[in-house]
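Asker: Mind looking over this structure? Questions follow.
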Amino acid sequence: MAMPSKRPRVDAPSLSMPSPSRLLQLPAELREEIWILAVTEWAPEKAVKDSAVRMLRRTPVRLDRFNRPLPAGITRVSRQLRHESLHLYYQYNQFELWRPLFWINDWTFSTLIDWLGQLGPRMEWLNDIALMYKHESELDHDIEEALWEIGFAFSQPGVISDRCELSEFEQSHQALGLPRHFGRKTRDRWLAAAT
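Position one of the sequence shown corresponds to residue -10 (the numbering used here), numbered consecutively onward.
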């Protein structure tokens, strides 16, 4: 007769359910306020002298052909969080894109049209799109009407606003804190010498 082995008995790990998230037990109204703060794009405000408090300001989400940021990470955590927070990402952020140029053969092949096509029905959540332009002549066409004609209608009028974007030359003088006329004389002399 074989003797039973004297090995210690190891119990299987318990398969109990994980405890529910305390965050998800908060009232829906309070969770929504938290999600709004979590999905909105923020940038540090310039520091004020003698201030230990760091302030944040809302900053737009810039989209272009090289930069297509994903929605905030919280929208990809779980189905419930996606359901509760994704629409807030589109409602509470301002999105910056370059204005489509109508005189190009197929202006519908632009970052704006491509992005709106990818959004599909989520487009109705958009509240604030700023289209950047460099020259007044780019404003000759009503973009919302043109979008409506090709099948992109917003849930409300006035979602799109226009903002004149400075040229790269003008942006560089501001970013570096240089006077506005910095480099212009040198640049003009170079152009004159080149002709």
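Every residue, glycine too, gets a C-beta built ideally from N, C-alpha and C.
Since the structure is predicted, the reported quantities are computational estimates derived from the model, not experimental observations.
Who are the near neighbours of residue 74 in its chain, counting only those whose CB is closer than 6 Å to its CB and skipping five residues on each side?
Answerer: Closer than 6 Å at the Cβ level, and outside the excluded window around residue 74, lie 24, 28, 63, 64.
Asker: Kindly indicate which three-state DSSP category residue 17 falls into: helix, strand or coil?
Answerer: Here residue 17 sits in helix by DSSP.
Asker: Helix, strand or coil: how does DSSP classify residue 139 here?
Answerer: Reduced to three states, the DSSP call for residue 139 is coil.
Asker: Pick from 93, 136, 98, 149: whose alpha carbon is nearest that of residue 116?
Answerer: Comparing Cα-Cα distances from residue 116 to each of 93, 136, 98, 149, the minimum goes to 149.
Asker: Identify, in the order they occur along the chain, each residue of the same chain with its Cβ nearer than 7 Å to the Cβ of residue 79, setting aside the five sequence neighbours on each side.
Answerer: Excluding positions up to five away in sequence, the list reads 111, 114, 115.
Asker: Tell me the DSSP secondary structure of residue 28 in three-state form.
Answerer: Reduced to three states, the DSSP call for residue 28 is helix.
Asker: Does the beta-carbon distance from residue 32 to residue 43 come in below 8 Å?
Answerer: No, these two residues do not count as a Cβ contact at 8 Å.
Asker: Any idea if residue 12 is buried or exposed, counting beta-carbon neighbours within 10 angstroms, 16 or more meaning buried?
Answerer: Exposed, because fewer than 16 other Cβ atoms sit within 10 Å of the Cβ of residue 12.
Asker: If we ignore side chains and look at the alpha-carbon of each, how far apart do residue 93 and residue 50 end up?
Answerer: Rounded to the nearest angstrom, the two C-alpha atoms are 25 Å apart.
Asker: Name the residue from 81, 138, 154 whose alpha carbon lies nearest to the alpha carbon of residue 123.
Answerer: For residue 123, the nearest C-alpha among the options comes from 154.
Asker: Roughly how many angstroms separate the alpha carbons of residue 145 and residue 8, rounded to a whole number?
Answerer: The straight-line gap from Cα to Cα measures roughly 42 Å.
Asker: Roughly how many angstroms separate the alpha carbons of residue 132 and residue 76, rounded to a whole number?
Answerer: Each residue's alpha carbon lies about 24 Å from the other.
Asker: Compute the distance between the beta-carbons of residue 120 and residue 86, then report whether it is under 8 Å.
Answerer: Their beta carbons are under 8 Å apart, which means residue 120 touches residue 86 by this criterion.
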